[in-house]
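Note sheet for the following structure.
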Amino acid sequence: MLQEKNRATLVGLLAPVCWGMSVGLIRSLEEVFGMAQGLTICYVIGMLFTLFVFGIPHLSKYSKKYLFLGVPLSVICSLCFTFSLQFSAGGRQTLEVGMVNYLWPSLTVICAVLFNHQKARWYVAVGFLFTLAGLGLVLAGGHGFHPLEIAGHIAENPIAYGLAALGAVAWSLFSSASRAWGNGQNPTPIIFGLDALIFAGIFISGGLEAPAPTWNGFLLCVAAGCVFGGAYAVWTYGVQKGSMTILAIGSYFTPVLSCLLGALMLGATLTLDFWQGVALVVIGSFICWMATREEKHVTHGRPIRFRRRAAAH
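Under the working numbering, the residues of the sequence shown are numbered 2 to 314, in order.
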């Protein structure tokens with residue numbers, strides 16, 4: 002049988018598959034059902050899904066630091082990610098915004114080094130620079146890696162790109178907080194409940210216009226709720242009890258899945274520069290993981306021991 006750490010790691014690796022669908026699902030949900038009402042239903046379903054899987058959370062078992070500092074970071078990430086997609090212009094820009102958010106795998110490793118006493122080699126910085134270079138290519142808009150072009154491209158929609166970056170930082174800090182203060186507890190139902198309350202408040206206040214609800218839109222909400230609920234639940238379980246670095250490397254392929262699925266769902270055309278940037282983000286994240294990988298010293302066979310002969314009297 003698998004040890005608990007290995008089992009938790011394998012379960013956690015399901016999260017990147019679910020997250021690969023997130024950009025396309027959220028954007029489609031906003032267009033078909035409206036952001037506020039759609040995500041309210043989505044997060045309620047996600048909360049019910051995680052309550053069914055993990056049971057009712059016992060708040061007495063949570064540390065105050067985790068409840069009042071860790072959990073809000075995840076809520077901030079959800080809000081930033083969702084609103085970044087809402088403010089994006091659609092198509093390629095939506096996928097670009099999603100790629101900014103996918104800085105979080107390498108940032109997770111950096112946070113593990115800074116806050117969780119994870120040992121790392123010097124080239125962790127090289128890996129992080131690779132991810133930034135890849136992100137630069139993605140944001141270049143097909144014009145090559147030119148800083149002024151990239152800055153101008155970001156200036157076209159700074160709110161969307163800025164929110165995506167803030168969401169990446171918040172999620173990385175949440176992962177570190179889960180490791181340090183989680184005490185083996187899974188706060189996913191709490192997080193989804195808070196998200197649902199926030200978006201319900203936005204919907205009731207009439208802050209965002211919404212199209213008329215349809216059955217297709219409702220079914221999309223159900224699917225999205227199950228996908229998001231499952232992703233959050235298995236990731237939190239994985240980072241608390243599994244190998245954080247293996248989960249990080251598995252998550253590095255989320256951008257590839259996200260771009261493939263998002264391009265199909267949103268009908269976006271992606272250039273060679275875009276895919277080269279995605280590849281650099283994945284490679285840079287892999288280098289970050291390599292820099293934190295622990296070396297195992299293997300001994301072959303048992304050492305030979307010689308007995309001393311008793312001295313003759």
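Where a beta carbon is used, it is the ideal one built from N, C-alpha and C, also for glycine. Please read these numbers as outputs of a predicted model, since none were measured by experiment.
Helix, strand or coil, according to DSSP, for residue i in the structure here?
i       : result
His-301 : Residue placement at His-301 is poorly supported in this model, since its pLDDT is 45, which falls under 50; the coordinates are not used for a value here.
Ala-213 : coil
Glu-5   : helix
Gln-1   : Since the displayed the chain opens at 2 and closes at 314, residue 1 lies outside it and no answer follows.
Pro-58  : coil
Asn-102 : helix
Gly-263 : helix
Ser-64  : coil
His-375 : Since the first residue of the chain shown is 2 and the last is 314, residue 375 is not available in this structure.
Leu-14  : coil
Trp-20  : helix
Trp-276 : helix
His-147 : coil
Leu-108 : helix
Ala-113 : helix
Leu-52  : helix
Gly-47  : helix
Thr-270 : coil
Gln-94  : helix
Gly-285 : helix
Gln-186 : coil
From residue i to residue j, what does the alpha carbon distance come to, in whole angstroms?
i       : j       : result
Val-279 : Ser-29  : 22 Å
Thr-246 : Gly-207 : 43 Å
Tyr-103 : Leu-14  : 16 Å
Gly-231 : Ala-16  : 7 Å
Ala-292 : Ser-107 : 11 Å
Gln-119 : Ala-113 : 5 Å
Phe-116 : Ile-288 : 19 Å
Leu-198 : Gly-128 : 38 Å
Val-72  : Ile-192 : 7 Å
Gln-94  : Gly-137 : 14 Å
Ser-89  : Ile-77  : 18 Å
Val-54  : Ile-111 : 31 Å
Leu-26  : Leu-130 : 30 Å
Tyr-63  : Ser-176 : 16 Å
Pro-190 : Trp-236 : 13 Å
Thr-255 : Pro-58  : 29 Å
Leu-60  : Ser-79  : 21 Å
Ile-284 : Gly-35  : 36 Å
Ser-252 : Val-228 : 16 Å
Would you give the residue range spanned by the alpha helix (DSSP H) that residue i belongs to?
i       : result
Pro-190 : 189–206
Trp-172 : 159–182
Arg-28  : 23–33
Thr-83  : 72–88
Phe-254 : First-last for Phe-254: undefined, no H or E at that position.
Thr-132 : 125–140
Note down, in chain order, each residue of its chain lying with its Cβ closer than 7 Å to the Cβ of residue i, except the 5 sequence neighbours on either side.
i       : result
Phe-204 : Ala-37, Gln-38 and Thr-41
Cys-260 : Leu-96, Leu-271 and Val-279
Tyr-248 : The sequence shown places Leu at residue 248, rather than the Tyr named in the question. Excluding sequence neighbours, Leu-248 sits near Thr-10, Gly-13, Leu-14, Gly-239 and Val-240.
Leu-262 : Gly-21, Met-22 and Gly-25
Thr-300 : Confidence is the limiting factor: at Thr-300 the pLDDT is only 45, short of 50, which leaves the residue's position unreliable and the question unanswerable from this model.
Only counting the same chain, and skipping five residues up and downstream in sequence, which positions put a Cβ closer than 8 Å to that of residue i?
i       : result
Tyr-67  : Ala-178, Ser-179, Trp-182, Gly-183, Asn-184, Gln-186 and Pro-188
Val-33  : Gly-39, Pro-212, Thr-215, Asn-217, Gly-218 and Leu-221
Ala-141 : His-147, Glu-150, Ile-151, His-154, Asp-274 and Gly-278
Val-125 : Val-110, Ile-111, Val-114, Ile-288, Cys-289, Ala-292 and Thr-293
Using a Cβ-Cβ cutoff of less than 6 Å, which residues in the same chain neighbour residue i once the five nearest sequence positions on both sides are dropped?
i       : result
Val-101 : Tyr-162, Ala-165 and Ala-166
Trp-105 : Ala-169, Trp-172 and Ser-173
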